[in-house]
Amino acid sequence: LVRWAPGAVRERREGVAPINRIVGERLETLLPRLMRETGIDMWLVINREYAEDPVFFSLAPVPVFAARRTTMLVFHDRGEEEGLDLITVSRYPYGQLYEAAWEGGDLDEQWQRLAEVIAERDPARIGVNVSRHWPVADGLTASLHARLLEVLPDELAERVVSAEELVVRWMEARSATELKVYPHVVSLARGVIAEAFSERVITPGATTTEDVAWYIRQRFADLDLAAWFMPDVNVQRPGMECTAESSFCGDDSTVIRRGDVLHTDVGVCYLRLCTDTQEMGYVLRLGETDVPEGFAHALAVGNRWQDLLTGNFVTGRTGNGSRAATRAANEAEGIDSSTYTHPLGAVGHAPGPTIGMWDNQGDTPVRGDWPLHPDTGYAIEGNVKVAVPEWDGQMVQIKLEQSAVWDGERVIYLAGRQTRWHVVGR
Numbered sequence: 442l443v444r445w446a447p448g449a450v451r452e453r454r455e456g457v458a459p460i461n462r463i464v465g466e467r468l469e470t471l472l473p474r475l476m477r478e479t480g481i482d483m484w485l486v487i488n489r490e491y492a493e494d495p496v497f498f499s500l501a502p503v504p505v506f507a508a509r510r511t512t513m514l515v516f517h518d519r520g521e522e523e524g525l526d527l528i529t530v531s532r533y534p535y536g537q538l539y540e541a542a543w544e545g546g547d548l549d550e551q552w553q554r555l556a557e558v559i560a561e562r563d564p565a566r567i568g569v570n571v572s573r574h575w576p577v578a579d580g581l582t583a584s585l586h587a588r589l590l591e592v593l594p595d596e597l598a599e600r601v602v603s604a605e606e607l608v609v610r611w612m613e614a615r616s617a618t619e620l621k622v623y624p625h626v627v628s629l630a631r632g633v634i635a636e637a638f639s640e641r642v643i644t645p646g647a648t649t650t651e652d653v654a655w656y657i658r659q660r661f662a663d664l665d666l667a668a669w670f671m672p673d674v675n676v677q678r679p680g681m682e683c684t685a686e687s688s689f690c691g692d693d694s695t696v697i698r699r700g701d702v703l704h705t706d707v708g709v710c711y712l713r714l715c716t717d718t719q720e721m722g723y724v725l726r727l728g729e730t731d732v733p734e735g736f737a738h739a740l741a742v743g744n745r746w747q748d749l750l751t752g753n754f755v756t757g758r759t760g761n762g763s764r765a766a767t768r769a770a771n772e773a774e775g776i777d778s779s780t781y782t783h784p785l786g787a788v789g790h791a792p793g794p795t796i797g798m799w800d801n802q803g804d805t806p807v808r809g810d811w812p813l814h815p816d817t818g819y820a821i822e823g824n825v826k827v828a829v830p831e832w833d834g835q836m837v838q839i840k841l842e843q844s845a846v847w848d849g850e851r852v853i854y855l856a857g858r859q860t861r862w863h864v865v866g867r
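Residues in the sequence shown are numbered consecutively from 442, following the numbering used here.
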C-alpha cells in the first residue's frame, strides 16, 4: 500500500501539520490530567530502533519513523500551575514538542544523562511501561529496564512503578480535535462499503466475495487510507447452516448470487485514528425491487441490540458490567444476540474496557474489569440471529459494527449507523 505517486506524497506531506497539532494538543491537554489521575509524577518511554514501544508513535511527531538508536522521552509533571516538562534524551532531536536535555553519540553518557535528568527533578513515582496484562503498556524491554535500574541510585530505583494505568488511559482518551475529525475518518470507510455493495462492483453470478474484498482494499489504497486488516466479505444463503449455536454464519469464498445476504468487515486508519466497521447487503432477485420484509425486520432487530448495548454504557461501569446488563436486556426481549464490543482509537483493537468477546460471552478478566471513561471510542460490535420466512425459517445472522464515542452521557455514532440494507441491483 506504499505508493510514491506525487499525489500520495502530497497527501502525506499535508497530513504532517494536522497530525502534529493533534499530538501537541494531546500532550498539552490530556497527558497532565491523566498523569495526575493515575498518580505518576514522571513517565519514561525508552525504546530502540526496531523494538519500538507500542505507545511511542502516539507521542512522536511526524515524520519520525522510528526510535533512532536509543530514544528516551521523559514527561515530568511540575504541578497544575507549572505544567509538564517534555524532554528528550536522545541522539536525534524531536522537533518543537520536546526540549532536548542531551544530544550526543555515546550510549553510556546518554544513560548517565537520563539518570541526572531524573535526579534533578526528584519525582515521587517514576512510571515505566511494564505490564503483565496490557501488551500496549509492556513496551520497555527487559534489558532497557535492567539498565535503567542500574544507572539510578537506590533511592530513585525504589520509586520506579508500572505505568500501565497511565498508558491505557493515554491510549483510550480522545482529545477535542480528534473528536471533531473522527467522524470524517469513519465516513470514508462507510463510503467505500457503500461503493462495494452496489452494482458498480458486483455482477451476480460472476463476482466473487474475494473480488469485492480486494476492491475494498484497493479503494482504500487509492484514497491513501491504511487498512489495518484485510477486508472480509462473506455471504449467507438458503441451505447454509446457521443455528443458535453457530458463532459465525457465512461463506467467504464463493461466487455471489442473486438473493444472497452480504456482510463485510473493514478497518482503516487515518490521522492516527482507526475505524472498524461491519455492514450488511442484499442482492436482489429478478423481479424484486427491495429487500424482503423478513430481512428488513432482522436488521431492525440488530439495531435494537445496538440500542440495548449502548443504553447500558455508564461512566465507571466495567466492560463486564455493561456486557452482563446487555445480555440480560436482550434475553428479556427474546433477542438471540452476541456482544463483542471493543475500544477503538489510535489502534483498531485499542486498550480499555472489553465488553464481551466473540468466543467468550462471560466475564473477561482484567480488560473486562476496566471502567468506562468519557471521551473514549468503541467499535459497537456484535450480531443477532433472526429466523426469516423467506428462507423457510432459516436463521440469518446480522453482523454489525459501527465506530462510536462515549461522551460520558451518551454513545454517539461517529458517522451514523446502518439502519437500511445496502442493495445490489436496484
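Even for Gly, the Cβ is constructed at its ideal location relative to N, Cα and C. These numbers come from a predicted model, not from an experiment.
Taking the alpha-carbon positions, what's the H517 to Y533 distance?
Computed Cα separation, rounded: 20 angstroms.
Contact set for Q843: own chain, Cβ-Cβ below 6 angstroms, skip 5 residues either direction
Cβ within range, chain order: I821, Y854, R858.
Which term fits Q838, buried or exposed, when burial requires 16 or more other beta carbons within 10 angstroms of its beta carbon?
buried
With three or more beta-carbon pairs closer than 8 angstroms as the criterion, would you say the stretch 557-574 touches the stretch 598-610?
yes
Using C-beta distances below 7 angstroms, list every residue in its chain close to A507, excluding the 5 sequence neighbours before and after it, in chain order.
Around A507: E490, E493.
Rounded separation between W811 and V601 - CA only
Looking at the two C-alpha atoms, the distance is approximately 23 angstroms.
Jot down the residue ranges of each uninterrupted alpha helix (DSSP H) in the stretch 591-646, minimum 4 residues, whole runs only, in chain order.
595-598, 605-613, 617-637
Helix, strand or coil at M476 according to DSSP, with G and I counted as helix:
Helix, per DSSP.
Using 8 angstroms as the Cβ pair cut-off and three pairs as the minimum, do the stretch 713-728 and the stretch 753-773 touch?
no
Out of curiosity, what's the CA-to-CA distance linking Y599 and T817?
One point to set straight first is that residue 599 is Glu, not Tyr, in the sequence displayed. If you take the alpha carbons of E599 and T817, they lie about 33 angstroms apart.
Suppose you measure from the CA of M483 to the CA of E540; what does that come to, to the nearest Å?
For M483 and E540, the distance between alpha carbons rounds to 15 angstroms.
Excluding five sequence neighbours on each side, which residues of the same chain lie with their C-beta closer than 6 angstroms to the C-beta of R726?
R699, G700.
Evaluate contact between the stretch 682-695 and the stretch 664-672, counting only Cβ atoms and requiring at least three cross-stretch pairs below 8 angstroms.
no
May I have a chain-ordered list of the alpha helix (DSSP H) segments no shorter than 4 residues that lie completely inside the stretch 754-829?
Whole alpha helix (DSSP H) segments, 4+ residues: 760-773.
Taking the Cβ atom as the reference point for each residue, do P502 and V464 lie within a distance shorter than 8 angstroms?
Their beta carbons are under 8 angstroms apart, which means P502 touches V464 by this criterion.
Hey, out of T795, N461, A685, W862, whose CA is closest to G834's CA?
With distances taken between Cα atoms, G834 lies closest to A685.
Can you find the residues in the same chain that come closer than 8 angstroms, C-beta to C-beta, to E682, ignoring five residues on each side of it along the sequence?
C690
Decide yes or no for the touch test of the stretch 541-552 against the stretch 510-530: beta carbon pairs closer than 8 angstroms, at least 3 of them.
yes
With 16 other CB atoms within 10 Å as the buried threshold, where does H704 fall?
Around the Cβ of H704, a 10 Å sphere holds 16 or more other Cβ atoms; the residue is buried.
8 angstroms Cβ shell around T582 - same chain, five flanking residues per side excluded:
N488, R489, A492
Below 8 angstroms on the Cβ atoms is my guess for V530 versus R554; work out the distance and round it to an integer in Å.
6 angstroms
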